[in-house]
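Residue numbers (our numbering): 95 to 250.
Just below is one structure, and these are the notes that go with it.
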């Protein structure tokens, strides 16, 4: 349905279908934060460089500031809110993989996907996956240690 250039779309977010009215130019990040009140994905650079807005689309990391909401129709979207109490969250806490926390949700999403898709990842693969996100507070060592602690525990 179109009302003044707007469209009603259905997005599958964290396992639930959500009906929202969007403008054609709305990004997935905008819809998640402003229309669905899922504020875990952060608006950082808004040009795909920082990764603070990372969510999973069909279990793969996507920078939601670069994806139009209408492109996400028919795909499974997982936000950090959808992880609930995933082991990666506990690993970040135990390994001090965060400081200010702004980038943390993006890193959690990338690390969760890494653990699902590459459970035998070695250091170069871990570093490659983490390159998609930036943190200005921590050294990446703590984040890498959190990922390694999950990978060594047969993460599902």
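Beta carbons: idealized from backbone N, C-alpha and C, even for Gly.
Note that the structure is a prediction, hence the values are computed from the model and not measured.
| Check | Outcome |
| --- | --- |
| Of the residues 198, 147 and 120, the one placed nearest residue 165, counting alpha carbons only | 120 |
| Own chain residues within Cβ distance below 6 Å of residue 241, not counting five before or after | 205 and 220 |
| Bridge partner(s) assigned by DSSP for residue 154 | 151 |
| Coil, strand or helix - residue 188 by DSSP | helix |
| Candidates 140, 214, 141 and 158, of which the one nearest residue 148 by Cα | 158 |
| Proximity of residue 235 and residue 224 at Cβ, strictly below 8 Å | no |
| Contained alpha helix (DSSP H) runs [length at least 4] in the segment 102-177, N- to C-terminal order | 174-177 |
| Candidates 192, 151 and 160: closest to residue 176 by CA position | 151 |
| As assigned by DSSP and simplified to three states, the class of residue 232 | coil |
| Integer-rounded CB distance, given that residue 153 should sit under 8 Å from residue 207 | 6 Å |
| Residue closest to residue 141, alpha-carbon to alpha-carbon, out of 162, 170 and 106 | 162 |
| Beta-carbon gap between residue 107 and residue 129 smaller than 8 Å | no |
| Start and end residues, alpha helix (DSSP H) containing residue 215 | Looking at the DSSP string, residue 215 is not in any alpha helix (DSSP H), and its letter there is neither H nor E. |
| Spatial neighbours of residue 192 in its chain, beta-carbon cut-off 6 Å, leaving aside the 5 residues before and after | 186 and 198 |
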